[in-house]
Amino acid sequence: MGGSDHPVVCVFGSGDLEVGGEAYETARAVGAALAQLGYVVANGGYGGTMAASARGAKDAGGTTIGVTCEIWDAPANEYIDRRIATSSLAQRLDTLVSLGAGGYVVLPGATGTLQELATVWERMGKGAIPRRTVVCVGGFWEPLLCLMESVKPGCAAVIRTITGPEQLADCFPAAGKFG
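117 is the number of the first residue of the sequence shown in the working numbering; add one for each residue after it.
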């Protein structure tokens, strides 16, 4: 579904980041690391984590996909190679989840990011999508993972937490170089 020979990893995170701030630079490093491993980087196509991860991927010679939604009158960010326009938030979420055949990387965010993480987690848990790599970068989501693990032991086993983008190579097998 990515439109190339390279698998797609979806990056989820906040749309509100200060350019050049620590969270922005982490997202940028995530995009670069994924592209260096040979993955197409997909995300929601707008600002914040989305622009930063797409920028990192482009800087590393990778390809990007942005999934936008017509409810917002905003163009995709300048680092998006291929834009997929959707008509509703539900369609946007379904598209992002479907694109992520290579897996998902989850950065800090708010309710939209929570919905993305929860949707992937639930669909894998129910067998609606194949089990894929899900990686949370940093400790932001750890309280949620611990809470869910206390309610349903074993459910958090499908999600890996790493401290930083430099560990992504331990989570995603190299998929090949671009070019």
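Glycine is no exception: its CB is placed at the ideal position from the N, C-alpha and C atoms.
Any idea what DSSP makes of residue 248, helix, strand or coil?
Looking at residue 248 - three-state DSSP - the assignment turns out to be coil, as it is neither helix nor strand.
Reduced DSSP secondary structure (H/G/I, E/B, other) of residue 290
Residue state, collapsed to three classes: coil.
Sorted by chain position, which residues of the same chain lie with C-beta nearer than 6 Å to residue 131's C-beta, five sequence neighbours on each side aside?
The residues are 162, 163, 164.
For residue 239, which residues in the same chain have their Cβ closer than 7 Å to its Cβ, ignoring the five residues on either side in sequence?
Excluding positions up to five away in sequence, the list reads 213, 245.
List the whole-angstrom C-beta distance separating residue 176 from residue 151, where the pair is believed to meet the contact cut-off of C-beta under 8 Å.
Contact between residue 176 and residue 151 holds: their C-beta atoms lie close to 4 Å from each other, under 8 Å.
So what's residue 172 in DSSP terms, helix, strand or just coil?
Of the three classes helix, strand and coil, the one that applies to residue 172 here is helix, per DSSP.
Where does residue 268 land, buried or exposed, given buried means 16+ other C-beta within 10 angstroms?
Counting Cβ neighbours within 10 Å, residue 268 comes out exposed, since fewer than 16 surround it.
Is it buried or exposed, residue 263, if we count other Cβ atoms within 10 angstroms and call 16 or more buried?
Its Cβ having fewer than 16 others within 10 Å, residue 263 is exposed.
Write down the C-beta distance between residue 241 and residue 154 rounded to the nearest angstrom, noting that I regard them as a contact closer than 8 Å.
Wrong, their Cβ atoms sit about 28 Å apart, outside the cutoff.
Work out the CA separation of residue 230 and residue 124 for me, nearest whole Å.
The straight-line gap from Cα to Cα measures roughly 20 Å.
In the DSSP assignment, the beta strand (DSSP E) including residue 220 goes from what residue to what residue?
Where residue 220 is concerned, the enclosing beta strand (DSSP E) stretches over 219-222.
Are residue 181 and residue 158 close, meaning C-beta to C-beta below 8 Å?
Yes, the Cβ-Cβ distance between residue 181 and residue 158 is below 8 Å.
Identify the residues that DSSP records as bridge partners of residue 185: which are they?
DSSP, once it has assigned bridges, lists 202 as partnering residue 185.
Classify residue 289: buried if its beta carbon has 16 or more other beta carbons within 10 angstroms, exposed otherwise.
The residue is exposed, with fewer than 16 neighbouring Cβ atoms inside 10 Å.
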